[in-house]
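Engineer: With the numbering used here as the guide, the letters of the sequence shown map in order to residues 685 to 821. Backbone N, C-alpha and C fix where the C-beta goes; we use that ideal spot for every residue, glycine too. Since we're looking at a predicted model, the values are computed, not measured.
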Amino acid sequence: MDEGNGTIPYAVLGEIADDLFLECEDDEALLARALDSLDADIRTDLLISDLLNAYQVFYYFFRVLPGDLEKERLMLQPASALARGVLLDEFEGIRVVFLVEGHRPHILVTEEGEEVLVRYSGIDAYKRAIQYIRENL
Numbered sequence: 685m686d687e688g689n690g691t692i693p694y695a696v697l698g699e700i701a702d703d704l705f706l707e708c709e710d711d712e713a714l715l716a717r718a719l720d721s722l723d724a725d726i727r728t729d730l731l732i733s734d735l736l737n738a739y740q741v742f743y744y745f746f747r748v749l750p751g752d753l754e755k756e757r758l759m760l761q762p763a764s765a766l767a768r769g770v771l772l773d774e775f776e777g778i779r780v781v782f783l784v785e786g787h788r789p790h791i792l793v794t795e796e797g798e799e800v801l802v803r804y805s806g807i808d809a810y811k812r813a814i815q816y817i818r819e820n821l
């Protein structure tokens, strides 16, 4: 996937995002396909902007539905928050975090002290992180 270079004016991105939302409504699969069809620079800028939420970006990268709590947490955060990481789940001192670095999605499993136990990237990162937790914690 071409990563683009982040040069599209925000007003133009806003218009494109509005058109996508009208076309796709609340269908994350349609939105993901529509994002796939965009020019790489436009897609990249949208995926790191405040115009999309973190859930839309999560679905775009992983093409899987998270649990209800995870989905709600992601929907409440703008895509731009993914540069710092967005908490997906937390239990017994373990945190699962969705992070985008260098236009690549990552799922981190960390301990309370922020020590990274495992880091996964790629389309199956979320599934691999869940599997790791089930098998090791």
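Curious, which full-length alpha helix (DSSP H) runs of at least 4 residues does the region 690-763 contain?
Structural biologist: 694-708, 712-721, 724-731, 738-746, 752-759
Engineer: Could you work out which residue in THR691, ILE814, VAL741 is closest to LEU766 when comparing CA atoms only?
Structural biologist: VAL741
Engineer: On the premise that ALA763 lies in contact with ALA738, defined as a C-beta separation below 8 Å, what is that separation, rounded to the nearest angstrom?
Structural biologist: 6 Å
Engineer: Exposed or buried, what is ALA695 when buried is set at 16 or more other beta-carbons lying within 10 Å of its beta-carbon?
Structural biologist: So ALA695 counts as exposed.
Engineer: Tell me whether LEU766 sits in a helix, a strand or coil according to DSSP, three-state version.
Structural biologist: Of the three classes helix, strand and coil, the one that applies to LEU766 here is helix, per DSSP.
Engineer: Can you tell me whether ILE700 is buried or exposed, with buried defined as 16 or more other CB within 10 angstroms of its CB?
Structural biologist: The residue in question, ILE700, is buried, as its Cβ has 16 or more Cβ neighbours within 10 Å.
Engineer: If you draw a straight line from the alpha carbon of ILE778 to that of PHE705, how long is it in whole angstroms?
Structural biologist: Distance between the alpha carbons of ILE778 and PHE705 is about 35 Å.
Engineer: So, is GLN815 buried or exposed, given that buried needs 16 or more other C-beta atoms within 10 angstroms?
Structural biologist: exposed
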